[in-house]
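Read through the structure below, which is laid out as structure tokens, and then see the notes.
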Amino acid sequence: MLNCKDMTKLISDSLERKISFRQRMELRLHIMMCGMCRRFRTNIIELRKRVRGSKFLLDQAEVTAARMPQAAKARLEEAIKRQLR
Amino acid sequence: MQEQLPKLDPSKWVSEHGETLYAYALSRLKNADSAEDAVQESLLGALRNISLFPPQGDIGPWLMGILKKKVVDRQRRGARASSDGTDPSLDKLFDEKGNWSDAARAADPLRLDSLEQAEFMEIFRSCLKGLPQNQAAVFVGREINEQTSDDLCKKLGVSSTNLWILMHRARLRPAECIRARWVMGDA
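If you're matching them up, the sequences are chains A and B in order. Here our numbering is used: the first residue of the first sequence is 48, the next is one more, and so on. Here our numbering is used: the first residue of the second sequence is 13, the next is one more, and so on.
Pasting the structure below:
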């Protein structure tokens, strides 16, 4: 029997690869009895859906957030100056 | 010493090419600190190897070429680092037997579907920033860029087993982070 920590790994894996029949049965049985793992599974499936559905928004947000902070610029300038000396 | 000094003025690199380089690094690494570090490594590396710069060349693309290599290095290094071993911040979620901890049980259930899109995006972005770089790299690759596991493994130079471990950790964390931010209502 897997504990909940191992079960969350199996649940996560089930979104990444085909898990075995045995594993599928164990997963199903476990989430039938365990509300927390059931919740984890619902959450990560929902998270995937929301993230993939928001791809366009994410890219847009990225363009606006891609400006280099002034402080970072100053640090870079300083590093170059130091090396030029 | 340097005859083409006006053309090759490294003190202007940041003001002239900084934004472009930074935007590229950030789009790949999804982390402001890593992006800045990668840009810095590239500029200093370029400075050290300035004798390799082709005299007829264009400095912008040359710097970008160096940056691209640095970014890939970072992604690989990040993906390999700590893909085994335990993660203390996740251990709070489970007790010593590997069952959900009391703290995890006491938390309010996360209802992503009740968050408005804009609100979700804001929380999600800030949570992503808090992920260790290796986890963020796999999570972004799989969930945002929708790359296949095989492609991502090749790109990051990790085994599929490691990829699944990183995905597992990355998934435990944003769920927690989103829950925490949402419950506290600070986003």
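From the three backbone atoms N, C-alpha and C, an ideal C-beta is built for every residue, glycine too.
Query: Phe-136/B: first and last residue of the uninterrupted alpha helix (DSSP H) it sits in; Result: 129-141
Query: Residue nearest to Arg-117/B in terms of C-alpha spacing, selected from Arg-86/A, Lys-96/A, Lys-56/A and Gly-100/A; Result: Arg-86/A
Query: Where Phe-106/B falls: helix, strand or coil (DSSP); Result: strand
Query: Cβ of Lys-65/A within 7 Å of any chain B Cβ; Result: no
Query: Assumed close pair Ser-61/A, Trp-176/B - CB separation to whole angstroms, cut-off 8 Å; Result: At roughly 10 Å, the Cβ-Cβ gap does not stay under 8 Å, so Ser-61/A and Trp-176/B are not in contact.
Query: Enclosing alpha helix (DSSP H) for Lys-167/B [first to last residue]; Result: 161-168
Query: Per-residue contacts from Ser-101/A into chain B (C-beta, under 9 Å); Result: Gln-129, Phe-132, Met-133, Phe-136 and Ile-156
Query: Which residues DSSP lists as bridging Trp-112/B, in chain order; Result: Phe-106/B
Query: C-alpha gap between Ile-66/A and Asp-125/B, whole angstroms; Result: 27 Å
Query: C-alpha gap between Lys-120/A and Met-72/A, whole angstroms; Result: 55 Å
Query: Ile-156/B: CB within 6 Å of a non-hydrogen atom of the ligand NAD; Result: You won't find the ligand NAD in this model; it holds no ligand whatsoever.
Query: Selected residue, minimal CA-CA separation from Met-83/A, among Arg-64/A, Lys-96/A, Arg-99/A and Asp-53/A; Result: Asp-53/A
Query: Same chain only: Cβ atoms within 8 Å of Ala-44/B, ignoring 5 sequence neighbours per side; Result: Leu-38 and Lys-141
Query: Per-residue contacts from Gln-52/B into chain A (C-beta, under 7 Å); Result: Leu-123 and Ala-126
Query: CB contact check: Gln-70/A to chain B, cutoff 7 Å; Result: no
Query: Beta carbon proximity, His-29/B to chain A, threshold 7 Å; Result: no
Query: Outcome for Ser-23/B when other beta-carbon atoms lying within 10 angstroms are tallied against a minimum of 16; Result: exposed
Query: Nonlocal neighbours in the same chain, by C-beta distance under 8 Å from Asp-96/B, ignoring five residues either side; Result: Low confidence applies to Asp-96/B: its pLDDT is 44, below 50, so where it sits in the model is not reliable, and the reading given next is rough at best. So the qualifying residues of the chain are Asn-174 and Ile-177.
Query: Sequence-distant residues of its chain with Cβ nearer than 7 Å to Ser-54/B (five each side left out); Result: Leu-33, Leu-75, Ile-78, Leu-79 and Lys-82
Query: Minimum C-alpha distance to Asp-49/B - residue among Met-115/A, Met-48/A, Leu-131/A and Asn-50/A; Result: Met-115/A
Query: Proximity of Leu-41/B and Ala-47/B at Cβ, strictly below 7 Å; Result: yes
Query: Residue-chain proximity (Met-115/A, chain B), Cβ-Cβ < 7 Å; Result: yes
Query: CB contact below 7 Å: Gly-110/B versus chain A; Result: yes
Query: Contact check, His-180/B vs Lys-56/A, beta carbons under 7 Å; Result: yes
Query: Alpha-carbon spacing of Gln-129/B relative to Gly-72/B, whole angstroms; Result: 38 Å
Query: Chain A contact for Phe-3/B (CB, 7 Å cutoff); Result: In the structure displayed, chain B extends from 13 to 199; residue 3/B sits before or after that span and is not available.
Query: Proximal chain B residues relative to Arg-97/A, where beta-carbon distance stays under 7 Å; Result: Leu-124 and Phe-132
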